[in-house]
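Here the structure is laid out as structure tokens; the discussion comes afterwards.
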DNA sequence: CTGACAGTTAGATAATCATCGAACTGTTAA
DNA sequence: TTAACAGTTCGATGATTATCTAACTGTCAG
């Protein structure tokens, strides 16, 4: 993820990418599901939780990954994803700075 | 703004509306500008700050208002907007609940 | 009253994007 | 080796939406 000269901050581009990633309800639900699994969530499990095709799930996971919101790990046939808590924390920090 | 049976919480519909409202970079900048004026921001001032037509600004303000993010006050010819800090606080609370 | 200004609404356009099916790559199990 | 499965990529489609212009309403100053 890109950072500005101030370490730990999200620059505007990253911030907007995250905001867009969160704006789709289904994608937000997927992210929530991932976050709810303390550590890693398997892609197979996610596929079972939502009425969407593999193609669509793949698309959403790519968007979340591009936004820096999840980390992807591959183990041969399978895929595991995990919330990037550092990104999440920085995003919340930016939002919080809007008011007081 | 709609609330669930738990007072102070945003329901899913409201949450998604807010997320969508924040997803457009220009609209987020407008909201930021509004929030930066401690109390009220005049619409005339906002119009001067962004290279957009009155129609577009009107559209964005309506979206922000529909999302419950701003309060609108009219004084004869003029319009003033203010951040709704209660909504903002609840939105942040919902986001924070995603991780720990 | 009349012109200027604040803001809205309607309709058009162009861009973005969520979703799907189909065809693909890569991996494992039989 | 082959079939089944995990996931990706591509192209199409339909929905949403940011933006504009143009025409409108309402308010004030001269």
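Chains as they are written, first to last, in the numbering used here: chain A, 1225 to 1324; chain B, 1225 to 1324. From the three backbone atoms N, C-alpha and C, an ideal C-beta is built for every residue, glycine too.
### Query
In chain A, which residues lie with their C-beta within 7 Å of the C-beta of residue 1244/B?
1247
### The alpha helix (DSSP H) enclosing residue 1320/B, as first and last residue numbers
1309 to 1320
### Query
Is it a yes or a no for the segment 1248 to 1256 of chain B touching the segment 1273 to 1293 of chain B, going by three-plus beta-carbon pairs under 8 Å?
yes
### Query
Among 1263/A, 1255/A, 1292/A, which one has its Cα closest to the Cα of residue 1274/A?
1255/A
#### Entry: chain A contact residues for residue 1240/B, given Cβ-Cβ distances below 7 Å
1249
### Query
Going along the chain, which residues of its own chain have a beta-carbon closer than 8 Å to the beta-carbon of residue 1264/B, five neighbours each way excluded?
1297, 1304, 1305, 1306
#### Entry: Where residue 1294/A falls: helix, strand or coil (DSSP)
strand
### Message
Quick check on the burial criterion: 16 or more other C-beta atoms within 10 angstroms. Buried or exposed for residue 1272/B?
### Response
exposed
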